[in-house]
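Structure first, then comments.
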Amino acid sequence: MKVEMINVSRDGGKTWGEEEVDITNVDVLTCPLKPGDIILRNGYLYEIQHIAQAKRIETLVSGGTGDE
Numbered sequence: 138m139k140v141e142m143i144n145v146s147r148d149g150g151k152t153w154g155e156e157e158v159d160i161t162n163v164d165v166l167t168c169p170l171k172p173g174d175i176i177l178r179n180g181y182l183y184e185i186q187h188i189a190q191a192k193r194i195e196t197l198v199s200g201g202t203g204d205e
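Take the position in the sequence shown, starting the count at 1, then add 137; the result is the number in the numbering used here.
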């Protein structure tokens, strides 16, 4: 178990919240991250595709309240 505070967006980057996430949890039933979520971790944006796989994205144009 490795718990980290991670910035998570569940609406395509419009709003962000900080959540405690066990980054070793890949159980689909109990993992709080779901496909479509975007996370900011160690300065990089990741879009969750499925629980055991995420792809890094370079930038985000959200139209929300953030800088990008």
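Ideal Cβ positions, reconstructed from N, Cα and C, are used throughout, including at glycine.
### Query
Which term fits Asp174, buried or exposed, when burial requires 16 or more other beta carbons within 10 angstroms of its beta carbon?
buried
### Query
What's the gap between the Cα of Lys139 and the Cα of Leu170?
15 Å
### Query
Which residues mark the beginning and the end of the beta strand (DSSP E) in which Val140 is found?
Val140 to Ser146
### Query
Between Gly149, Val165, Val158 and Thr196, which lies nearest to Tyr181 when the distance is taken from Cα to Cα?
Thr196
### Task
Could you tell me the distance, in whole angstroms, from the CA atom of Thr161 to the CA atom of Val198?
For the pair Thr161 and Val198, the Cα-to-Cα distance works out to about 29 Å.
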